[in-house]
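A.B. asks:
Protein chains: 2
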Amino acid sequence: MMQLTILGCHSATPRAKAHPTSQVLDIRGELMLIDCGEGTQVRLRGHKIKFSRINHIFISHLHGDHYFGLIGLLSTFSLLSRKAELHIYAPQGLKEIINLQLKLSHAYTSFPLVFHQLDSQQPELIFENEKLTVETIPLDHRIYTNGFLFRAKPKDRKLLIEKVEQLNIDKAYYKSIVKGKDVETKDGQLIKNEDLTEPPELPPSYAFCSDTAFKPEIVPQIQGVTWLYHESTFLEDHEHLCIKTKHSTAKQAGIIAQKAKVKKLILGHFSTRYKQLSLFEKEALEVFDQVENAETGKIFRYD
Amino acid sequence: MMQLTILGCHSATPRAKAHPTSQVLDIRGELMLIDCGEGTQVRLRGHKIKFSRINHIFISHLHGDHYFGLIGLLSTFSLLSRKAELHIYAPQGLKEIINLQLKLSHAYTSFPLVFHQLDSQQPELIFENEKLTVETIPLDHRIYTNGFLFRAKPKDRKLLIEKVEQLNIDKAYYKSIVKGKDVETKDGQLIKNEDLTEPPELPPSYAFCSDTAFKPEIVPQIQGVTWLYHESTFLEDHEHLCIKTKHSTAKQAGIIAQKAKVKKLILGHFSTRYKQLSLFEKEALEVFDQVENAETGKIFRYD
Numbered sequence: 000m001m002q003l004t005i006l007g008c009h010s011a012t013p014r015a016k017a018h019p020t021s022q023v024l025d026i027r028g029e030l031m032l033i034d035c036g037e038g039t040q041v042r043l044r045g046h047k048i049k050f051s052r053i054n055h056i057f058i059s060h061l062h063g064d065h066y067f068g069l070i071g072l073l074s075t076f077s078l079l080s081r082k083a084e085l086h087i088y089a090p091q092g093l094k095e096i097i098n099l100q101l102k103l104s105h106a107y108t109s110f111p112l113v114f115h116q117l118d119s120q121q122p123e124l125i126f127e128n129e130k131l132t133v134e135t136i137p138l139d140h141r142i143y144t145n146g147f148l149f150r151a152k153p154k155d156r157k158l159l160i161e162k163v164e165q166l167n168i169d170k171a172y173y174k175s176i177v178k179g180k181d182v183e184t185k186d187g188q189l190i191k192n193e194d195l196t197e198p199p200e201l202p203p204s205y206a207f208c209s210d211t212a213f214k215p216e217i218v219p220q221i222q223g224v225t226w227l228y229h230e231s232t233f234l235e236d237h238e239h240l241c242i243k244t245k246h247s248t249a250k251q252a253g254i255i256a257q258k259a260k261v262k263k264l265i266l267g268h269f270s271t272r273y274k275q276l277s278l279f280e281k282e283a284l285e286v287f288d289q290v291e292n293a294e295t296g297k298i299f300r301y302d
Numbered sequence: 000m001m002q003l004t005i006l007g008c009h010s011a012t013p014r015a016k017a018h019p020t021s022q023v024l025d026i027r028g029e030l031m032l033i034d035c036g037e038g039t040q041v042r043l044r045g046h047k048i049k050f051s052r053i054n055h056i057f058i059s060h061l062h063g064d065h066y067f068g069l070i071g072l073l074s075t076f077s078l079l080s081r082k083a084e085l086h087i088y089a090p091q092g093l094k095e096i097i098n099l100q101l102k103l104s105h106a107y108t109s110f111p112l113v114f115h116q117l118d119s120q121q122p123e124l125i126f127e128n129e130k131l132t133v134e135t136i137p138l139d140h141r142i143y144t145n146g147f148l149f150r151a152k153p154k155d156r157k158l159l160i161e162k163v164e165q166l167n168i169d170k171a172y173y174k175s176i177v178k179g180k181d182v183e184t185k186d187g188q189l190i191k192n193e194d195l196t197e198p199p200e201l202p203p204s205y206a207f208c209s210d211t212a213f214k215p216e217i218v219p220q221i222q223g224v225t226w227l228y229h230e231s232t233f234l235e236d237h238e239h240l241c242i243k244t245k246h247s248t249a250k251q252a253g254i255i256a257q258k259a260k261v262k263k264l265i266l267g268h269f270s271t272r273y274k275q276l277s278l279f280e281k282e283a284l285e286v287f288d289q290v291e292n293a294e295t296g297k298i299f300r301y302d
């Protein structure tokens, strides 16, 4: 199971109905907060997302529309007397900002705050547990920026229960069989694993890529992901602004999706200059056929 | 004319309908932004308050519910290519936070940003122009905190036009007469100013006092002000929390108002623990008869 909740998907300055970047990814039951623009905590409450379920926060870069809501969220965690460790994965500098703000308010967090400071120019494994991994996706923006690639690990293979019962295989072997092991029956016959199991579903994966100029170099890393969120701040008729500001057009996002053969492209980080957001989808659909716009409050599900 | 717009009047953590402290005071046509909790810029837009009219921002103290919205607002000013000087009156430390955030985003403001760093323990005149003055009101909180006292200057005296015409006083003298000068007629007769003019309306004044423990020492400074905004984070039944956190009850705010003989007491900075905010008004009314609760979006006017 994978679920993505869009808390905000606009660029730059927040407005009543155009919130800056923030998303919650629920992947194998782990809640990952990705970016944290101003007002994120209010929208988390709006979605009734339990603050206590957030243990990992990923910040792509230090432009305000991606992190100005973080200090407020951390303060609220303290007001709620949070005790659990909180991990923040962010470019160097954020730790200094947060610590200075805490110091000046004579406040300390009620919980251990662990910063994982990112500075590599190469993809880096920054999180791993038994259920998933997270890697950075180095992007090309005006300041040091990473996307993040979340990959669920494959689940166990599925036991063909009729087969194992028919072969009278001891239940004690089931655990190793679903891990892919072959098995020897009591009479010494070797049964190959593929005769006893079928493969699990393809584990879901999510590549978050914001903010970035058109960067085809990321394609091999994100090849075949379930969902690619790719920024599309502008439409093609403002491509000159993309060059100046190091952003992408919807068409460029579509080209990345098409080259990487992703299952679905999600567009976002729209400039508030555009009134008709459907034009983004339309433009990307010219080069790739599975496109959907992010929208504030929209929830994407994959079962 | 004086007008106060309440953008937020709750303490601590923001919720969808409980915004942290921020107010806009329009006094003699000058727009003063007082405190700037998270989300303030969105509410400024909601009230259609022109960002370009804000040239002075007053920050009482460096707890997040009073300033976390500032960096976002400053960033938006830059995105809007503001050119006019912006003055920020705030405790020491805020300049360091803002400059660090600007530095890390490789951004500089598009306008001159002038910090007036406050550190005095005594009332201090921090702003004066031809229309008004602003003084600090040192408060008693967990960290260094000031309230602010905004005083319009008296307008010119009102010319009794029938009198001056009857006495055939040359119009060239009118300017000095409204300033309070006596005048000599052509035949050498001295006419006293009070026979030619009547006093102007009492100039409006506004004392903003948040956050603070009960501090009667402020009473002489705020004596007779038009409006006193005084924090009332708790009700009397939580007075023990006031002692611990250095806040006030509604009753204590009422006592300050009553001692200072203010025209109206405005209560705010309510803890989100209370559902029925009318209890604050009720409690303060036990000791003072002109009490009104602040409410998000409420506008107070004085003509």
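Line by line, the protein sequences give chains A and B. In terms of numbering that gives the first Met the number 0, the first sequence opens at residue 0 and continues consecutively. In terms of numbering that gives the first Met the number 0, the second sequence opens at residue 0 and continues consecutively. Glycine included, each C-beta is placed from N, C-alpha and C at the ideal position. Source: prediction; values computed, not measured.
For residue 284 of chain A and residue 252 of chain A, what's the separation of their Cα atoms in angstroms?
C.D. replies: Position 285 of the first sequence, counting from 1, holds the residue named residue 284 of chain A. Position 253 of the first sequence, counting from 1, holds the residue named residue 252 of chain A. The alpha-carbon atoms of residue 284 of chain A and residue 252 of chain A are separated by roughly 10 Å.
A.B. asks: Using a C-beta cutoff of 7 Å, does residue 23 of chain A count as contacting chain B?
C.D. replies: As a position in the first sequence, residue 23 of chain A is number 24, starting the count at 1. No, residue 23 of chain A lies away from the interface with chain B (no Cβ there is under 7 Å from its Cβ).
A.B. asks: What are the boundary residues of the alpha helix (DSSP H) that residue 268 of chain A is part of?
C.D. replies: Reading the first sequence from its first residue, position 269 is the one you call residue 268 of chain A. Segment: none, residue 268 of chain A is in no alpha helix (DSSP H) and carries neither H nor E.
A.B. asks: Would residue 48 of chain B pass as an interface residue toward chain A - the criterion being a Cβ-Cβ separation below 7 Å?
C.D. replies: Reading the second sequence from its first residue, position 49 is the one you call residue 48 of chain B. Answer no: the Cβ-Cβ gap between residue 48 of chain B and chain A never drops below 7 Å.
A.B. asks: Give the interface partners of residue 7 of chain B over in chain A, defined as CB-CB distance under 8 Å, in chain order.
C.D. replies: On the second sequence, residue 7 of chain B is found 8 positions in, with the first residue counted as 1. The contacting residues do not exist; residue 7 of chain B stays about 12 Å from chain A at best.
A.B. asks: Between which two residues does the alpha helix (DSSP H) holding residue 219 of chain A run?
C.D. replies: Locating residue 219 of chain A in the first sequence gives position 220, where the first residue counts as 1. Start and end: 218-221.
A.B. asks: Shortest alpha-carbon distance to residue 82 of chain A belongs to which of A/111, A/58, A/96?
C.D. replies: Residue 82 of chain A sits at position 83 when you count from the first residue of the first sequence. For the residues A/111, A/58, A/96, the minimum Cα distance to residue 82 of chain A belongs to A/111.
A.B. asks: Along the chain, where does the beta strand (DSSP E) containing residue 43 of chain B start, and where does it finish?
C.D. replies: Position 44 of the second sequence, counting from 1, holds the residue named residue 43 of chain B. No beta strand (DSSP E) holds residue 43 of chain B; the alpha helix (DSSP H) holding it covers 39-45.
A.B. asks: Could you confirm whether any beta carbon from chain B is found closer than 7 Å to the beta carbon of residue 37 of chain A?
C.D. replies: Residue 37 of chain A sits at position 38 when you count from the first residue of the first sequence. Judged by the 7 Å Cβ criterion, residue 37 of chain A is in contact with chain B.
A.B. asks: Is any beta-carbon of chain A found at less than 7 Å from that of residue 296 of chain B?
C.D. replies: Mapped onto the second sequence, residue 296 of chain B falls at position 297. Answer no: the Cβ-Cβ gap between residue 296 of chain B and chain A never drops below 7 Å.
A.B. asks: List the residues that DSSP assigns as beta-bridge partners of residue 9 of chain A.
C.D. replies: By one-based count along the first sequence, residue 9 of chain A stands at place 10. Residue 9 of chain A is bridged to A/19, A/269.
A.B. asks: What first and last residue would you give for the alpha helix (DSSP H) that runs through residue 127 of chain A?
C.D. replies: Translated into the one-based positions of the first sequence, residue 127 of chain A becomes position 128. Looking at the DSSP string, residue 127 of chain A is not in any alpha helix (DSSP H); the run it does join, the beta strand (DSSP E), is 124-127.
A.B. asks: Taking the beta strand (DSSP E) that residue 298 of chain B belongs to, which residues open and close that run?
C.D. replies: Here the question's residue 298 of chain B lines up with position 299 in the second sequence. Element bounds for residue 298 of chain B: 298-301.
A.B. asks: Count the other CB atoms within 10 Å of the CB of residue 179 of chain A; is the residue buried (16 or more) or exposed (fewer)?
C.D. replies: As a working note, residue 179 of chain A is residue 180 in the first sequence. Exposed is the call here.
A.B. asks: In this structure, how does DSSP classify residue 25 of chain B when only helix, strand and coil are distinguished?
C.D. replies: Here residue 25 of chain B refers to the residue found at position 26 of the second sequence. The answer is strand: DSSP assigns residue 25 of chain B an E or B state.
A.B. asks: In the stretch 95-113 of chain B, which residues sit with their C-beta less than 7 Å from some C-beta in chain A, listed in chain order?
C.D. replies: So the close ones are 95, 96, 99, 100, 103, 104, 105.
A.B. asks: Can you name, in chain order, every residue of its own chain whose Cβ lies under 6 Å from the Cβ of residue 213 of chain A, other than the five neighbours on each side?
C.D. replies: One-based indexing of the first sequence puts residue 213 of chain A at position 214. Correct list, in chain order: 247, 251.
A.B. asks: Using a C-beta cutoff of 7 Å, does residue 58 of chain B count as contacting chain A?
C.D. replies: Start at 1 with the first residue of the second sequence, and residue 58 of chain B comes out as number 59. No, no contact with chain A.
A.B. asks: Determine, using beta-carbon pairs with one atom in the stretch 53-70 of chain B and one in the stretch 133-150 of chain B, whether at least three such pairs fall under 8 Å.
C.D. replies: Touching, per the Cβ criterion.
A.B. asks: Leaving out the 5 sequence neighbours to the left and right, which residues in its chain are closer than 6 Å to residue 217 of chain B when beta-carbon positions are compared?
C.D. replies: Taking the first residue of the second sequence as position 1, residue 217 of chain B is located at position 218. The residues are 136.
A.B. asks: If you count every other CB in all the chains shown that lies within 10 Å of the CB of residue 171 of chain A, and 16 or more means buried, which is it?
C.D. replies: Position 172 of the first sequence holds residue 171 of chain A. By the neighbour-count rule (16 or more Cβ atoms within 10 Å), residue 171 of chain A is not buried but exposed.
A.B. asks: Looking only at its own chain, which residues have a Cβ that is under 6 Å from the Cβ of residue 163 of chain B, when we skip the five neighbours before and after it?
C.D. replies: In the second sequence, counting from the first residue as 1, residue 163 of chain B sits at position 164. Within the same chain, residue 163 of chain B has close Cβ partners 195.
A.B. asks: Excluding the 5 residues flanking residue 175 of chain A on each side, which residues of the same chain have their C-beta closer than 8 Å to its C-beta?
C.D. replies: Translated into positions along the first sequence, residue 175 of chain A becomes position 176. Closer than 8 Å at Cβ, skipping near neighbours: 182.
A.B. asks: Only counting the same chain, and skipping five residues up and downstream in sequence, which positions put a Cβ closer than 6 Å to that of residue 16 of chain A?
C.D. replies: Position 17 of the first sequence, counted from the first residue, corresponds to residue 16 of chain A. So the list is empty, once near-sequence residues are dropped.
A.B. asks: Should the stretch 63-74 of chain B be called in touch with the stretch 16-33 of chain B, which here means at least 3 C-beta pairs below 8 Å?
C.D. replies: Yes, they touch.
A.B. asks: What distance in whole Å lies between the Cβ atoms of residue 116 of chain B and residue 89 of chain B, which are believed to be in contact at a cut-off of 8 Å?
C.D. replies: For this step, residue 89 of chain B is matched to residue 90 along the second sequence. For this step, residue 116 of chain B is matched to residue 117 along the second sequence. Yes, they are in contact, since the Cβ atoms of residue 89 of chain B and residue 116 of chain B sit about 7 Å apart, within 8 Å.
A.B. asks: Around the C-beta of residue 145 of chain B, are 16 or more other C-beta atoms found within 10 angstroms, so that it is buried, or is it exposed?
C.D. replies: Taking the first residue of the second sequence as 1, we reach residue 145 of chain B at position 146. When all chains shown are included, residue 145 of chain B counts as buried.
A.B. asks: Roughly how many angstroms lie between the CA atoms of residue 274 of chain B and residue 86 of chain B, to the nearest whole one?
C.D. replies: Counted from its first residue, the second sequence places residue 274 of chain B at position 275. Counted from its first residue, the second sequence places residue 86 of chain B at position 87. Taking the straight line joining both Cα atoms gives about 37 Å.
A.B. asks: Measure the C-alpha to C-alpha separation of residue 100 of chain A and residue 1 of chain A and round it to an integer number of angstroms.
C.D. replies: For this step, residue 100 of chain A is matched to residue 101 along the first sequence. For this step, residue 1 of chain A is matched to residue 2 along the first sequence. So the two alpha carbons sit approximately 35 Å from each other.
A.B. asks: For the stretch 139-165 of chain A, which residues have a CB atom closer than 8 Å to at least one CB atom of chain B, in sequence order?
C.D. replies: Against chain B - using a Cβ distance shorter than 8 Å - the residues of the stretch 139-165 of chain A are 141, 142.
A.B. asks: Measuring only between beta-carbons, confirm whether residue 137 of chain A sits less than 7 Å from chain E.
C.D. replies: Although the question refers to chain E, the structure presented lacks it and instead comprises the protein chains A and B.
A.B. asks: Would you call the CB atoms of residue 75 of chain A and residue 271 of chain B closer than 7 Å?
C.D. replies: On the first sequence, position 76 is the one that residue 75 of chain A refers to. On the second sequence, position 272 is the one that residue 271 of chain B refers to. No.
A.B. asks: Tell me the rounded alpha-carbon separation between residue 142 of chain A and residue 33 of chain B.
C.D. replies: Taking the first sequence and counting its residues from 1, the one referred to as residue 142 of chain A is at position 143. Taking the second sequence and counting its residues from 1, the one referred to as residue 33 of chain B is at position 34. Taking the straight line from one Cα to the other gives about 32 Å.
A.B. asks: In the stretch 254-270 of chain B, which residues sit with their C-beta less than 8 Å from some C-beta in chain A, listed in chain order?
C.D. replies: For the stretch 254-270 of chain B, which is checked against every Cβ of chain A, not one residue is closer than 8 Å.
A.B. asks: Kindly indicate which three-state DSSP category residue 98 of chain B falls into: helix, strand or coil?
C.D. replies: Counted from its first residue, the second sequence places residue 98 of chain B at position 99. Helix at residue 98 of chain B.
A.B. asks: Looking at chain A, which residues of the stretch 238-249 of chain B have a Cβ within less than 7 Å of any of its Cβ atoms?
C.D. replies: From the stretch 238-249 of chain B, no residue has a Cβ closer than 7 Å to chain A.
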